[in-house]
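Visitor: Dumping the structure here so I can ask a few things about it.
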Amino acid sequence: MLVRERLPNVSLQSSSRKQLSICRVRGAAQRHFERLGMHRGQLGCLASIKTDHNTKDDIYNRNMQRQMGWAHLNPYEYHFDRGLYYHEIIPNLICGSQPRNAADVAQLVSDERVTHILNLQQDKDLHYWGVSLEEIRRACATHSVTHMRRPARDFDPHSLRRTIPGAVHMLAEALNNGGRVYVHCTAGLGRAPAVCIAYLYWFTEMQLDEAYSFLTSIRPCGPKRDAVRGATYDILTSVGNCSISIPAANGNGTNGNNGNGTSHDPHHTHHHHHQHHHSHQHHQQHPHADFESLPGEAYARLSEGDRFALQYRVLRGVC
Numbered sequence: 299m300l301v302r303e304r305l306p307n308v309s310l311q312s313s314s315r316k317q318l319s320i321c322r323v324r325g326a327a328q329r330h331f332e333r334l335g336m337h338r339g340q341l342g343c344l345a346s347i348k349t350d351h352n353t354k355d356d357i358y359n360r361n362m363q364r365q366m367g368w369a370h371l372n373p374y375e376y377h378f379d380r381g382l383y384y385h386e387i388i389p390n391l392i393c394g395s396q397p398r399n400a401a402d403v404a405q406l407v408s409d410e411r412v413t414h415i416l417n418l419q420q421d422k423d424l425h426y427w428g429v430s431l432e433e434i435r436r437a438c439a440t441h442s443v444t445h446m447r448r449p450a451r452d453f454d455p456h457s458l459r460r461t462i463p464g465a466v467h468m469l470a471e472a473l474n475n476g477g478r479v480y481v482h483c484t485a486g487l488g489r490a491p492a493v494c495i496a497y498l499y500w501f502t503e504m505q506l507d508e509a510y511s512f513l514t515s516i517r518p519c520g521p522k523r524d525a526v527r528g529a530t531y532d533i534l535t536s537v538g539n540c541s542i543s544i545p546a547a548n549g550n551g552t553n554g555n556n557g558n559g560t561s562h563d564p565h566h567t568h569h570h571h572h573q574h575h576h577s578h579q580h581h582q583q584h585p586h587a588d589f590e591s592l593p594g595e596a597y598a599r600l601s602e603g604d605r606f607a608l609q610y611r612v613l614r615g616v617c
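Numbering-wise (the numbering used here), the sequence shown opens with residue 299 and increments by one.
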């Protein structure tokens, strides 16, 4: 039996209080922003009354603490038997933990009117927890929910960095089409919030630290900030011949790539940019080294022009 807890609405704080119809953009980007002027939903979380810790929970949480560098687990813990745990970040964008079965999908539809689910897990994550992807997909088809995948390796900031542009593309398209999107990884504490933060950073007036603080004030978590910053760098320092690989929807109403986390790597070439300059060949061969040599605040702020360029590339699936 599932017990539902409603949380109060969260108002935007300080500079984040501004309307989310932010950048003055044209075309697809402008149409995208107009979709955000919808009614704010309730924040919510869903948890089961069963709270026993099992061995898998303990192993996963210890590994999460070690890999993510969190000094204390609480509240950054995941317990499979507690069920769904999620928060609405902005209207129609919900960030949470994995749906475990068809009943969880049905609950998201009935309680939150979810129309799209974006899954950032690899196949091995699902196998570890005994979650059937086919059951989830069948449930989505039953409830006319679009199931999308963009796998990233758990606890790996480089994999997450490569995954973020394609995931944000999927998220932005779903929101632009009037969808209500549930973004999840396993615990909803690392990969999923990072994708949501990237969306806030790229598609609202918030700078990176504002977007990070805004999301984590609603949903306690500790995603890798530098993965978002690195993805921003990758897009802004690439030229138009590099595309975000977005497979078309297949026959069962799902889309996304395979479950092993392989996808097109957007770390290729780049053009002249006001924040830094490197040679075409050096960037191709050493994208991580190029980025990691920059100061910690590089690419943590966007000018209006950079934000428009970034939106244009993400919405059209080019980096």
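All C-beta atoms in this analysis are idealised placements derived from N, C-alpha and C, irrespective of residue type, glycine included.
Using three-state DSSP, classify residue 394 as helix, strand or coil.
Guide: Correct three-state label for residue 394: strand.
Visitor: Comparing alpha-carbon positions, which option in 478, 494, 418, 491 lies nearest residue 443?
Guide: Ranking the options by Cα distance to residue 443, first place goes to 478.
Visitor: Per the contact definition of three or more C-beta pairs closer than 8 Å, is the stretch 405-414 in contact with the stretch 460-478?
Guide: They touch, by the three-pair rule.
Visitor: Using a Cβ-Cβ cut-off of 6 Å (strictly less than) and excluding sequence neighbours within five positions of residue 597, which residues of its own chain qualify?
Guide: So the list reads 527, 530, 531, once near-sequence residues are dropped.
Visitor: For residue 608, which three-state DSSP category applies?
Guide: Residue 608 falls in the helix class under three-state DSSP.
Visitor: Could you give the residue range of the alpha helix (DSSP H) that holds residue 443?
Guide: First-last for residue 443: undefined, no H or E at that position.
Visitor: Between the Cα of residue 386 and the Cα atoms of 418, 451, 495, which residue gives the shortest distance?
Guide: Of the listed residues, the one whose Cα sits closest to residue 386 is 495.
Visitor: Taking the alpha-carbon positions, what's the residue 360 to residue 603 distance?
Guide: So the alpha carbons of these two residues sit roughly 43 Å apart.
Visitor: Does the stretch 395-410 come within contact of the stretch 500-509, defined as at least 3 CB pairs closer than 8 Å?
Guide: No, because fewer than three Cβ pairs between the stretch 395-410 and the stretch 500-509 fall closer than 8 Å, the two stretches do not touch.
Visitor: If you measure from the beta carbon of residue 526 to each beta carbon in chain D, is any gap under 8 Å?
Guide: Among the protein chains of the structure shown there is no chain D, as only one such chain exists.
Visitor: Just mark residue 536 as buried or exposed, buried being the case when its beta carbon has 16 or more other beta carbons within 10 Å.
Guide: By the 10 Å Cβ count, residue 536 comes out buried.
Visitor: Between which two residues does the beta strand (DSSP E) holding residue 600 run?
Guide: Premise fails: residue 600 is in no beta strand (DSSP E) and is neither H nor E.
Visitor: Rounded to the nearest angstrom, what separates residue 433 and residue 423 at their Cα positions?
Guide: Answer to the nearest angstrom: the Cα atoms are 15 Å apart.
Visitor: Would DSSP call residue 375 helix, strand or coil?
Guide: Reduced to three states, the DSSP call for residue 375 is coil.
Visitor: Can you look up residue 431 in the DSSP assignment and give me helix, strand or coil?
Guide: It is helical.
Visitor: Which word fits residue 507, buried or exposed, when buried means at least 16 other C-beta atoms lie within 10 angstroms of its C-beta?
Guide: Exposed is the call here.
Visitor: Can you find the residues in the same chain that come closer than 6 Å, C-beta to C-beta, to residue 525, ignoring five residues on each side of it along the sequence?
Guide: Excluding sequence neighbours, residue 525 sits near 455, 458, 459, 492.
Visitor: For residue 497, which residues of its own chain have a beta-carbon under 6 Å away from its beta-carbon, when the five flanking residues on both sides are left out?
Guide: The answer, listed in chain order, is 466, 469.
Visitor: Who are the Cβ neighbours of residue 521 in its own chain at under 6 Å, not counting the five residues just before and after it?
Guide: Here the set comprises 488, 491, 492.
Visitor: Note the first and the last residue of the continuous alpha helix (DSSP H) segment covering residue 386.
Guide: Not the alpha helix (DSSP H): residue 386 falls in the beta strand (DSSP E), residues 384-388.
Visitor: My understanding is that residue 376 touches residue 355, with C-beta atoms under 8 Å, so please give their C-beta distance in whole angstroms.
Guide: About 7 Å; that satisfies the 8 Å criterion.
Visitor: Check residue 412 in the structure and name its three-state DSSP category.
Guide: The answer is coil: DSSP assigns residue 412 none of H, G, I, E or B.
Visitor: Three-state secondary structure (DSSP) at residue 361?
Guide: Note: residue 361 maps to helix in three-state DSSP.
Visitor: Out of 533, 486, 421, which one is the CA nearest neighbour of residue 514?
Guide: For the residues 533, 486, 421, the minimum Cα distance to residue 514 belongs to 486.
Visitor: Work out the CA separation of residue 445 and residue 435 for me, nearest whole Å.
Guide: Straight-line Cα distance between these residues: approximately 7 Å.
Visitor: Would residue 402 and residue 428 qualify as a contact pair, given that the criterion is a beta-carbon distance under 8 Å?
Guide: For residue 402 and residue 428, no; Cβs fall outside 8 Å.
Visitor: If the criterion is Cβ atoms closer than 8 Å, does the pair residue 463 and residue 533 meet it?
Guide: Yes, the Cβ-Cβ distance between residue 463 and residue 533 is below 8 Å.
Visitor: Are the beta-carbon atoms belonging to residue 383 and residue 392 less than 8 Å from one another?
Guide: For residue 383 and residue 392, no; Cβs fall outside 8 Å.
Visitor: Who are residue 493's beta bridge partners in DSSP?
Guide: Answer is none; residue 493 lacks a bridge partner.
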